[in-house]
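K.L.:
Mind looking over this structure? Questions follow.
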Amino acid sequence: MAMTEQEILAGIGKIINEITGIPAAEVTPEKSFVDDLDIDSLSMVEIAVAAQDEFGVEIPDDQLKHLKTVKDVIGYIQG
Amino acid sequence: MSTDRVRVVVTGFGATTPLGGDAASTWSALLAGQSGVRTLTEDWIDSVPVKFAAVAAVDPTEVLPRPEARRLDRAEQLALVAAREAWAHAGIEKVDPERLGVVVGSGIGGITTILSAYDTFKEKGWQRLSPFTVPMLMPNGPAGWIGIEVGARAGVHATVSACATGAESIGYAIEMIRSGRADVIVAGGTEAAIHPLNIGSFAAMRAMSTRNDDPQGASRPWDRARDGFVLGEGAGILVLESEEHARARGATIYAVAAGVGYSADAHHIAQPEPTGAGVMLAMRRALENSGLTGQDVKHVNAHATSTPAGDVVETIAIKEVIGGHPLVTGTKSMTGHLLGGAGGIESVFTVLALHERVAPGTINVDDLDDGIEVDLVLGGPRTLPGGQIAAINNSFGFGGHDVAVAFTSV
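Sequences listed follow chains A and B, in order. Note that my numbering gives residue 23 to position 40 of the first sequence, counting from 1, and the numbers run on in steps of one. Note that my numbering gives residue 39 to position 36 of the second sequence, counting from 1, and the numbers run on in steps of one.
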């Protein structure tokens, strides 16, 4: 069964908290990784690899650069 | 003493060592004659002939936030902990970033990162390597992170000279301030190399003590039964400042970083030169560079690693250059040998010795070796005289590096 948007958001929040220390509650769909969450490109690579483990969806580098917000990542994972 | 140039003073220090998680706890354990060495229980221990080490008393991952710790090599973690303590201790509220620098090195760099990353690479492929692998393994990583932390733009440098690294860094920092490149420098050394490959490799050189039945007695500089050094980890950092800058902000000055002497043995890649010529040259140059005479020097924190070859010849060199009068201490008997971190913590100890007028002791010397004609501090600490006095921290490293840093009382 496909994960709901809420489940994916919770999973992403957990990953971002683990990697950056940002509280999971601050990771909301409209947030931009760079502008709002201050996440650098190296940390985005870590997040993408962790997301692959968590959701079983690979995010290639050429796709990753287009994922600007949390919502973009949720959309990509949902397919 | 010369007065025609910039004087450099010590206005802060920090340390995280096998004896304590900060400079104060390390220093009190040192004065109490405690050993920071313990038996190792890691699952790899049966693969190496040495079963003990001087592990950092406070694990840096317990002090640092987890997101920060996971992108730092352990040597970087230890350096950052010590640098934060030193920086807070110095209490510098405002400094021109272009006049602030960092000189912090390590002997080996991010060796545990290299080895674990290679395991990840072989088992899971390159995609699973942390994107922080390179900044974790590079030997200038600790200096870089500290530079970002304090906002240093005058220059961030990492000297590498094996076990002389920490002292060389402090010497380089003194010269940076004197030459006008900076007003404030965060300087010292760090190391985190307790790993079976390193233990195996040092054991292959027959450089380490194998006193497995008595780990706390294994580091015994100058004792006839010494059989090698004890591997330790940690970091020691000083904040050095031009006297003018320190006075202008009303800083507490703990000591004067009076000068440094460098030389090289040009003899053997790992064995000390047997006459002590290189060590003597470094100490002579430290005196000249500081405008001191041997009579001014009342205390020497010796390199004294507890290896059979080096300990006695260092005392011969001290007697020749400085005299038989200074109180000579081997603090590695308690801390183990922090390699690139050694010169850092031992400079902190030398500064504290001058500030508190006390020379720490040397433990485990039960049967003094022959040929030692200097005044070793054995057993408990001894009081240093009042008035204007100087002290020297010696550090030597594989590669034939000899460094002597001179400090004077305020």
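Backbone N, C-alpha and C fix where the C-beta goes; we use that ideal spot for every residue, glycine too.
#1: Who are the Cβ neighbours of residue 27 of chain A in its own chain at under 7 Å, not counting the five residues just before and after it?
#2: Taking DSSP's pairing of strands, which residues face residue 108 of chain B in a bridge?
#3: For residue 130 of chain B, would you say it is in contact with chain A, using Cβ-to-Cβ distances shorter than 8 Å as the test?
#4: With distances taken Cα to Cα, identify the nearest neighbour of residue 298 of chain B among B:411, B:132, B:27 and B:133.
#5: Return the chain-ordered list of same chain residues with a C-beta closer than 6 Å to the C-beta of residue 401 of chain B, the five sequence neighbours on each side being excluded.
#6: How would you label residue 23 of chain A, buried or exposed, when you count the other beta carbons within 10 angstroms and need 16 or more for buried?
#7: Are any of the Cβ atoms in chain B nearer than 8 Å to that of residue 20 of chain A?
#8: Quick one: grab the DSSP three-state call for residue 1 of chain A.
#9: Give me the chain A residues within the contact set of residue 135 of chain B, using Cβ-Cβ distance strictly less than 7 Å, ordered along the chain.
#10: Secondary structure at residue 406 of chain B, three-state DSSP: helix, strand or coil?
#11: Among B:208, B:261, B:118 and B:247, which residue has its Cα nearest to the Cα of residue 195 of chain B?
#12: Relative to the C-alpha of residue 153 of chain B, which residue among B:97, B:34 and B:404 is closest?
#13: At a Cβ threshold of 8 Å, is residue 53 of chain A touching chain B?
#14: Would residue 29 of chain A pass as an interface residue toward chain B - the criterion being a Cβ-Cβ separation below 8 Å?
#15: Using 10 angstroms around the beta-carbon of residue 50 of chain B, count the other beta-carbons present and answer buried if the total reaches 16, otherwise exposed.
#16: Shorter than 8 Å from the beta carbon of residue 275 of chain B to some beta carbon of chain A?
#17: Return the Cβ separation of residue 85 of chain B and residue 240 of chain B in integer angstroms, given the expectation that the two are a contact with Cβ distance under 8 Å.
#18: Pick helix, strand or coil for residue 125 of chain B, following the three-state DSSP scheme.
#19: Measure from the C-beta of residue 39 of chain A to each C-beta in chain B and report whether the shortest distance is under 8 Å.
#20: The alpha helix (DSSP H) that contains residue 3 of chain B, what's its start and end?
#21: Could you list which residues in chain B have their beta carbon closer than 7 Å to that of residue 2 of chain A, in chain order?
P.N.:
Looking at the coordinates:
#1: 16 and 47
#2: B:192
#3: yes
#4: B:411
#5: The answer, listed in chain order, is 165 and 273.
#6: Counting the other Cβ atoms within 10 Å of the Cβ of residue 23 of chain A gives fewer than 16, which makes it exposed.
#7: no
#8: helix
#9: Listed by position along chain A, the residues whose Cβ is nearer than 7 Å to that of residue 135 of chain B are 25.
#10: strand
#11: Ranked by Cα distance from residue 195 of chain B, the first of B:208, B:261, B:118 and B:247 is B:118.
#12: It is B:97.
#13: no
#14: yes
#15: So residue 50 of chain B counts as exposed.
#16: no
#17: Yes, they are in contact, since the Cβ atoms of residue 85 of chain B and residue 240 of chain B sit about 4 Å apart, within 8 Å.
#18: helix
#19: Residue contact check for residue 39 of chain A against chain B: no CB pair falls below 8 Å.
#20: Within the shown structure, residues of chain B are numbered from 4 to 413, placing residue 3 of chain B beyond reach of any answer.
#21: 70
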